[in-house]
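Here's the structure, in structure tokens; my notes come after.
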Amino acid sequence: MARIVTYNVHRCVGTDRRLDVARVAAVIAEHEPDIVCLQELDVGRARTGHVDQAAAIARELSMGFRFNAAMRIEAEEYGDAILTAHPEKLIRAGHLPTIRGVPGLEPRGAVWAAIEIGGHTLNVVTTHLGLVPREQRLQAAALLSKDWLGHPDATGPTLLAGDFNATSITRPYQTLVRRLADCQRAFGQKPTLKTFPSGFPAIRIDHVFISPHIRVTGVSVPFSPLARVASDHLPLIVDFEIEG
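For the record, in the sequence shown the residue sitting at position 112 is 114 according to the numbering used here, with numbers rising by one throughout.
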């Protein structure tokens, strides 16, 4: 059995407005994951003390990492990462499409790593979709295209994890579940577990989607005092086995 955690860490600024990278790492470490997917990481940004948050969290967890900068302003970066202590290879890191001419939209991206775990090669992709529905639909379609999960290298066991800013009734979500299964639905989790906002989780926008090769054996969302304050999202934890 293996475990993945997906977690929007809000640049390691908690609901108490305190910047604390170690606190975020402690929330993750408590659950001893094999794979960690993180969104909203700052790397070298003045607003968070020029710390490489991806590297700092990976170091706390004794893991390696692959980071993709969705946004880059000179030496400052902001994006998503995959962390693991298992052997891995970066397959792709890059941008997702956006809508031109709409002010205020952040660049979005994804990162894909092939991880050797339990005698299998597991494709793991993490992303953070935009806030505008039309933009989300473009990005969801792109993730299923030949550049990402439609690529021949993505035919094996696959996990797509992250903050999709989309609930189960939205078109982007429906686009994704035509190709992959929602881990909570696959597990029969009722009621489904929500992750946002962390102090009073009311909506389910953080997801792990799985290929048919994956069997989910557990789903949980920690609601400890530390998890409630470390970020504005709670982590989503999924236990799974790779079949075949």
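Glycine included, C-beta positions come from ideal geometry on N, C-alpha and C.
Is the beta carbon of V210 closer than 8 Å to that of L238? In the sequence shown, counting from the first residue as 1, residue 238 sits at position 236. In the sequence shown, counting from the first residue as 1, residue 210 sits at position 208. In this structure, V210 lies closer than 8 Å to L238 by Cβ.
Per DSSP, what are the beta-bridge partners of L228 in this structure? Locating residue 228 in the sequence shown gives position 226, counting from the first residue. Paired residues: none, contrary to the question.
Terminal residues of the beta strand (DSSP E) in which C14 lies: Here residue 14 refers to the residue found at position 12 when the sequence shown is read from its first residue. First-last for C14: undefined, no H or E at that position.
Taking the alpha-carbon of V218 as reference, which of P227, D36, D241, I207 has the nearest alpha-carbon? Within the sequence shown, the letter at position 216 stands for residue 218. Among P227, D36, D241, I207, the Cα nearest to that of V218 is on D241.
Could you check how far apart the C-beta atoms of M65 and P109 are, in whole angstroms? I think they sit under 8 Å. For the purposes of this step, residue 65 is taken as the residue at position 63 of the sequence shown. For the purposes of this step, residue 109 is taken as the residue at position 107 of the sequence shown. No, M65 and P109 are not in contact; Cβ-Cβ is about 26 Å, not under 8 Å.
Expected contact under 8 Å - CB spacing of Q141 and P99 to nearest Å: By one-based count along the sequence shown, residue 141 stands at place 139. By one-based count along the sequence shown, residue 99 stands at place 97. 6 Å between Cβ atoms; contact.
In angstroms with no decimal places, state the Cα-to-Cα distance between G103 and I119. Position 101 of the sequence shown, counting from 1, holds the residue named residue 103. Position 117 of the sequence shown, counting from 1, holds the residue named residue 119. Cα-Cα distance, rounded: 43 Å.
Extent of the continuous alpha helix (DSSP H) to which E245 belongs: As a working mapping, residue 245 is identified with position 243 in the sequence shown. Segment: none, E245 is in no alpha helix (DSSP H) and carries neither H nor E.
How far does the beta strand (DSSP E) with L161 in it extend, from its first residue to its last? Translated into positions along the sequence shown, residue 161 becomes position 159. Its beta strand (DSSP E) spans residues 160 to 165.
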